[in-house]
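Chains as they are written, first to last, in the working numbering: chain A, 42 to 308; chain B, 5 to 185. Ideal Cβ placement from N, Cα and C applies to all residues, glycine included.
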Amino acid sequence: MGKIFFYVALALVLVSGLVFAPEHAGLAIHPMDQFQVKPLFGGDHVGMFTVTNVTLWMLLAIVAIFALLVLGSSRRAIIPSRAQSVAELAYGFIYKMVEDVAGKDAVKFFPYIMTLFMFIVTANFLGLIPMSFTTTSHFAVTGVLAVVVFVAITVTGFVLHGAKFLALFWVSSAPLALRPILAVIEVISYFVRPVSLCIRLAGNIMAGHAVLKVFAGFAGALGFASFLPISAITAFYALEVLVAFIQAYVFTILTCVYLKDALHPSH
Amino acid sequence: MASNTHDAGHGAADAAHGSSGMPQLDFSTYGNQIFWLLVTLVVIYLILSRVALPRIAAILNERTGTITNDLAAAEDLKAKAVEAENAYNKALADARAEAQRIAAETRAEIQKDVDDAIAKADADIAAKAAESEAAIAEIKAGALESIKAVATDTAGALVEALGGKDDAEAVQAAVSKRMEG
Chain A
42 MGKIFFYVAL ALVLVSGLVF APEHAGLAIH PMDQFQVKPL FGGDHVGMFT VTNVTLWMLL
102 AIVAIFALLV LGSSRRAIIP SRAQSVAELA YGFIYKMVED VAGKDAVKFF PYIMTLFMFI
162 VTANFLGLIP MSFTTTSHFA VTGVLAVVVF VAITVTGFVL HGAKFLALFW VSSAPLALRP
222 ILAVIEVISY FVRPVSLCIR LAGNIMAGHA VLKVFAGFAG ALGFASFLPI SAITAFYALE
282 VLVAFIQAYV FTILTCVYLK DALHPSH
Chain B
5 MASNTHDAGH GAADAAHGSS GMPQLDFSTY GNQIFWLLVT LVVIYLILSR VALPRIAAIL
65 NERTGTITND LAAAEDLKAK AVEAENAYNK ALADARAEAQ RIAAETRAEI QKDVDDAIAK
125 ADADIAAKAA ESEAAIAEIK AGALESIKAV ATDTAGALVE ALGGKDDAEA VQAAVSKRME
185 G
């Protein structure tokens, strides 16, 4: 059955390649167009409160999260339905991560970290829908997420430990002569954290989507041989599904690691 | 096909924005994105912290409780089963002992009856034997008497036939003497 479907799809691709190929005179690939922020209801100006495709896809993220975690668990079944088990799985996954990585006293931050993770993972997966807009491919979005994490953790550290939080940068286990140098390095690495969080997430998602688009452009231009880039897209799409989850996971677990630093600053 | 539709609008959009390739670096959209992101995060946080997370935590707790209870109940039932088995074994052993006791009792009773019957039969036999013996003795005595009479008569007749005189007394005495000898 699957084989037949595959061959039919391949035949369709080849035929459509033959039919439509003449329209594409040359390579016209614009892989970055998919990231453009556009007003939904006409006009060209993007003001602060304009309803744009960003608004739409963030709203869809909220709807997806609501559907999964609230509607999915609405039956409160002892023996869970499929949606409820996914919701429980997500809950258990992040809860255990917070507890294991950041420590037991970090559990009070669990709702915030869960919010981060659910938003990123949902936005990443929604972005994999063809023709969609990926909110997490923008530095503005990931930058805000990273800055929120950075500020929250720094404030938590100073509120809980006061000036002792600075011991984070003073490696007391190193030889005394090395400590000032290490302190400088530690301070720099501390301030690089939000930057790396921001660039890692947006960069991964943007690069993957751009590559997909480049291959799609080839498929449009190659005509008869377009099955080659299309199979490449299929393989790359699988990788992107993986990346979508892994980047959300990485962002969350790094947040937990930083949170641990804020709760227990001494080395 | 996706790229097709994008291609159509590309030139116009590019001209309008004057963007240099990366929409990520178009700072004019940052305010919009940040505003909607913050709204989204707050909404998601409220959904999670007010509804979703407490509910899922409650479900998980309830399940843990149910599983613990079920395990305890299973343990209970297992203990009961062992108890029932022990009771059954005990009842079986009791019944067996009872059966053995009843069998022994019955056997003893029967033995007693048999013994009684044998004793009674022995007594009967002894009585009958004594009776018979008496009868035999009587008959024997009777027979001796008859023999004596017959012998006396015969002797008397013989004496007479030989020409003698029937001296009854002498004959009787002679017969008695012979019979004792």
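query, result
"Inter-stretch contact at 8 Å, needing at least 3 Cβ pairs: the region 32–46 of chain B / the region 114–131 of chain A", "no"
"Closer than 8 Å to chain A by CB, Leu75 (chain B)", "no"
"is_contact[Gly249 (chain A), chain B] using C-beta, thresh 8 Å", "no"
"Buried versus exposed, by CB contacts within 10 Å (16 or more), Leu45 (chain B)", "buried"
"Reference His179 (chain A); option with closest CA among A:Phe286, A:Leu157 and A:Val78", "A:Val78"
"Paired residues, beta bridge with Thr93 (chain A) - DSSP", "A:Pro80"
"Val188 (chain A): CB within 7 Å of a non-hydrogen atom of the ligand PLP", "Absence of the ligand PLP is noted for the structure shown, with no ligands found whatsoever."
"Neighbour-count burial assignment, Lys3 (chain A), 16 or more Cβ in a 10 Å radius", "Because chain A in this structure spans residues 42 to 308, residue 3 (chain A) falls outside the shown range and cannot be described."
"Cys239 (chain A) to Pro216 (chain A) span [Cα, whole Å]", "34 Å"
"In chain order, each alpha helix (DSSP H) run of at least 4 residues that lies wholly inside the region 107–141 of chain A", "123–138"
"Collapsed DSSP secondary structure at Ala12 (chain B) in the structure displayed", "Residue placement at Ala12 (chain B) is poorly supported in this model, since its pLDDT is 40, which falls under 50; the coordinates still yield a value, given next. Helix at Ala12 (chain B)."
"Cut-off 7 Å between Cβ atoms - residues of its own chain near Phe158 (chain A), not counting five sequence neighbours on either side", "Ile135, Ala289 and Thr293"
"Whole-Å CB distance - Ile51 (chain B) paired with Phe107 (chain A), under 8 Å assumed", "6 Å"
"Beta-carbon gap between Ala128 (chain A) and Gly113 (chain A) smaller than 8 Å", "yes"
"Spatial neighbours of Pro306 (chain A) in its chain, beta-carbon cut-off 7 Å, leaving aside the 5 residues before and after", "Gly198, His202, Lys205, Phe206, Ala208 and Leu209"
"Length of the line joining the Cα atoms of Thr275 (chain A) and Val111 (chain A)", "33 Å"
"Other residues of its chain near Phe76 (chain A): CB distance less than 6 Å, five sequence neighbours each side excluded", "Ser178"
"Short-range partners of chain A found in the region 24–46 of chain B, where Cβ spacing is below 8 Å", "Gly25, Met26, Pro27, Gln28, Leu29, Asp30, Ser32, Thr33, Tyr34, Gly35, Asn36, Gln37, Ile38, Phe39, Trp40, Leu41, Leu42, Val43, Thr44 and Leu45"
"Short CB-CB distance (under 8 Å) between Thr68 (chain B) and chain A", "no"
"Identity of the residue in A:Val139, A:Ala303, A:Phe46 and A:Val182 nearest Ala193 (chain A) by Cα", "A:Ala303"
"Reduced DSSP category for Pro216 (chain A) - H, G, I as helix; E, B as strand; rest coil", "coil"
"8 Å Cβ cut-off: residues of chain B touching Glu129 (chain A)", "Ile60, Ile63 and Leu64"
"Beta-carbon proximity check, Thr156 (chain A) vs Ile63 (chain B), cutoff 8 Å", "no"
"Test item: CB-CB of Met172 (chain A) and Gly25 (chain B) under 8 Å", "no"
"Spatial distance of Asn90 (chain B) from Asp98 (chain B) (CA atoms)", "12 Å"
"Cβ-based burial, Met183 (chain B) [other Cβ within 10 Å; buried from 16]", "exposed"
"Rounded separation between Asp120 (chain B) and Glu137 (chain B) - CA only", "25 Å"
"Same chain, Cβ closer than 8 Å to Ala147 (chain A), five either side skipped, listed in chain order", "Val139, Glu140, Cys297, Leu300, Lys301 and Leu304"
"Separation of Leu130 (chain A) from Ala69 (chain A), as counted between CA atoms", "43 Å"
"Simplified DSSP assignment, three categories, for Met73 (chain A)", "coil"
"Same chain, Cβ closer than 8 Å to Ala165 (chain B), five either side skipped, listed in chain order", "none"
"Contacts that Leu110 (chain A) makes with chain C (C-beta to C-beta distance below 9 Å)", "Considering every chain present, this structure includes no chain C. Its protein chains are A and B."
"Test: Val293 (chain A) CB closer than 8 Å to a CB of chain B", "Rather than Val, the amino acid found at residue 293 (chain A) in this sequence is Thr. No - not a single Cβ of chain B is within 8 Å of the one on Thr293 (chain A)."
"Interface residues of chain B facing Val233 (chain A) [CB-CB closer than 9 Å]", "The premise fails here: Val233 (chain A) is roughly 19 Å from chain B at the closest Cβ pair, so nothing lies under 9 Å."
"Integer-rounded CB distance, given that Thr183 (chain A) should sit under 8 Å from Leu242 (chain A)", "4 Å"
"Simplified DSSP assignment, three categories, for His65 (chain A)", "At His65 (chain A), the pLDDT of 48 sits below 50, so the modelled position is not reliable and the matter cannot be decided from this model."
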